[in-house]
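Enquirer: Let me give you the structure first, and then I'll get to my questions.
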Amino acid sequence: MLDLELLRSFVSVVEAGGFTRASKRVHRTQSTVSQQIKRLEEDVGQVLLHRDGKDVRPTEAGERLLSYARRLLTLAEEARDVLREPDGDGAIRLGIPEDFAAYRLAKLLGAFSRSHPSLRLDVRADQSKNLSRDLERGELDLALFKREAGAKGAIAVWPERVHWVTSKSHPIDVNASSVPLIGFPPGCLYRAGAIHALESAGRTWHMSYSSSSLAGIQAAVAAGMGLSILSEMSIQSDHRVLTAKDGFAPINRTEVALMAAPNATSATLRLADRLAEFCENVQAKAA
Numbered sequence: 303m304l305d306l307e308l309l310r311s312f313v314s315v316v317e318a319g320g321f322t323r324a325s326k327r328v329h330r331t332q333s334t335v336s337q338q339i340k341r342l343e344e345d346v347g348q349v350l351l352h353r354d355g356k357d358v359r360p361t362e363a364g365e366r367l368l369s370y371a372r373r374l375l376t377l378a379e380e381a382r383d384v385l386r387e388p389d390g391d392g393a394i395r396l397g398i399p400e401d402f403a404a405y406r407l408a409k410l411l412g413a414f415s416r417s418h419p420s421l422r423l424d425v426r427a428d429q430s431k432n433l434s435r436d437l438e439r440g441e442l443d444l445a446l447f448k449r450e451a452g453a454k455g456a457i458a459v460w461p462e463r464v465h466w467v468t469s470k471s472h473p474i475d476v477n478a479s480s481v482p483l484i485g486f487p488p489g490c491l492y493r494a495g496a497i498h499a500l501e502s503a504g505r506t507w508h509m510s511y512s513s514s515s516l517a518g519i520q521a522a523v524a525a526g527m528g529l530s531i532l533s534e535m536s537i538q539s540d541h542r543v544l545t546a547k548d549g550f551a552p553i554n555r556t557e558v559a560l561m562a563a564p565n566a567t568s569a570t571l572r573l574a575d576r577l578a579e580f581c582e583n584v585q586a587k588a589a
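Residue numbers (my numbering): 303 to 589.
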């Protein structure tokens, strides 16, 4: 019999690309995770990982085991959820920022729904201020949202990379008397950060385009209607990043926070684990 805890550590090491990041995911020390992988290799009689300094990648045998390990863990999670909450289907109300909704997260949520057919997933993409508010009001069970760095009270947080951007083909005049801004409606963290940064530098600004749609903001930037602040995952090939050399210093640090309601169900916390792994992978790829 394959030990699920050993399989969980194995999958985490492969997905994180190393023992250090994997140990944080499974809440074990690095040496413990290393010992678990050694035990698993002894159980199956195969070397599962190539270790080259800090870089870790699966061997051919490891690649074969990986898909089975994921399926076994998913089945175990589904069985545990069914036994813990046998009465009724239940629902998870999830809130996510729009840029995450457009960044491969739909694939993860679709897979989670298929592995938990008795659960109803209600997902809403919105501004972070609304997601945080609705979580506090009890209108959401789980929320992933942006906030200023350093705030307390979250399952996990990740530093966010954001940049000033303009059009690659039709860049704005960075020395214009009034800077044309593109952004979400009032209350958006990025919009407030952009305005604060410009006013702190003594620059005059005006809103040239405001939209609640990320796609609309991306298109307006590409068309040369002004500049905006976007997360790294939202920057497109027809955008150009502005730096301090262009006269646009970095804005205040922001972070992505994952928070659950106090009465979150086991299925909700299971989804939180999946979202945390997703964010860890995005962070690792951007590093």
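Here a beta-carbon is modelled for each residue, glycine too, at the ideal position from N, C-alpha and C.
1) Could you pull out every residue in the same chain whose Cβ sits closer than 7 Å to the Cβ of L577, ignoring the five residues on either side in sequence?
2) By the three-class DSSP mapping on this structure, what secondary structure does A496 have?
3) For the stretch 438-503, list the alpha helix (DSSP H) runs that are entirely contained and at least 4 residues long, ordered along the chain.
4) On the DSSP bridge list, what partners appear for M561?
5) Could you tell me which of D540, M535, A517 sits nearest to G526, measuring between CA atoms?
6) Should G495 go down as buried or exposed, given a rule of 16 or more other Cβ atoms within 10 Å for buried?
7) Short check: CB of I553 to CB of V464, under 8 Å?
8) To the nearest angstrom, how far is the alpha carbon of A562 from that of D475?
9) Do you know offhand how far T556's Cα is from I531's?
10) Mind listing, in chain order, the continuous beta strand (DSSP E) runs of no fewer than 3 residues lying wholly within the stretch 502-576?
11) Taking P533 and E462 to be in contact with their CB atoms under 8 Å, please state how far apart those CB atoms are, rounded to whole angstroms.
12) Going residue by residue through the stretch 325-371, where are the continuous beta strand (DSSP E) segments of at least 3 residues, counting only ones entirely within it?
13) Which whole-angstrom value describes the C-beta separation of Q585 and W460, a residue pair presumed to lie in contact below a C-beta threshold of 8 Å?
14) For A318, count neighbouring C-beta atoms within 10 Å of its own C-beta (all shown protein chains included) and say buried if the count is 16 or more, exposed if not.
Expert: In terms of the structure at hand:
1) Within the sequence shown, numbered from 1, the residue matching residue 577 stands at position 275. Result list for L577: L446, L560, in chain order.
2) One-based indexing of the sequence shown puts residue 496 at position 194. Of the three classes helix, strand and coil, the one that applies to A496 here is helix, per DSSP.
3) 491-502
4) Working through the sequence shown from its first residue, we reach residue 561 at position 259. A445.
5) As a working mapping, residue 526 is identified with position 224 in the sequence shown. Checked all of D540, M535, A517; the closest Cα to G526 is D540.
6) Stepping through the sequence shown from its first residue, residue 495 is reached at position 193. Looking at its Cβ environment, which holds 16 or more other Cβ atoms inside 10 Å, G495 is buried.
7) Start at 1 with the first residue of the sequence shown, and residue 553 comes out as number 251. Start at 1 with the first residue of the sequence shown, and residue 464 comes out as number 162. Yes, Cβ-Cβ distance for I553 and V464 is below 8 Å.
8) Along the sequence shown, read from residue 1 onward, the residue named residue 562 stands at position 260. Along the sequence shown, read from residue 1 onward, the residue named residue 475 stands at position 173. The alpha-carbon atoms of A562 and D475 are separated by roughly 44 Å.
9) For the purposes of this step, residue 556 is identified with residue 254 of the sequence shown, where counting begins at 1. For the purposes of this step, residue 531 is identified with residue 229 of the sequence shown, where counting begins at 1. Going by the C-alpha atoms only, they are around 12 Å apart.
10) 506-512, 530-533, 541-544, 556-562
11) Here residue 533 corresponds to residue number 231 of the sequence shown, with the count starting at 1. Here residue 462 corresponds to residue number 160 of the sequence shown, with the count starting at 1. With the sequence shown as reference, residue 533 is identified as Ser, and Pro is not the correct amino acid for it. 6 Å between Cβ atoms; contact.
12) 351-354, 357-360
13) The residue given as residue 585 occupies position 283 in the sequence shown. The residue given as residue 460 occupies position 158 in the sequence shown. Yes, they are in contact, since the Cβ atoms of Q585 and W460 sit about 5 Å apart, within 8 Å.
14) Walking along the sequence shown from the start, residue 318 turns up at place 16. With 16 or more other Cβ atoms within 10 Å, it is buried.
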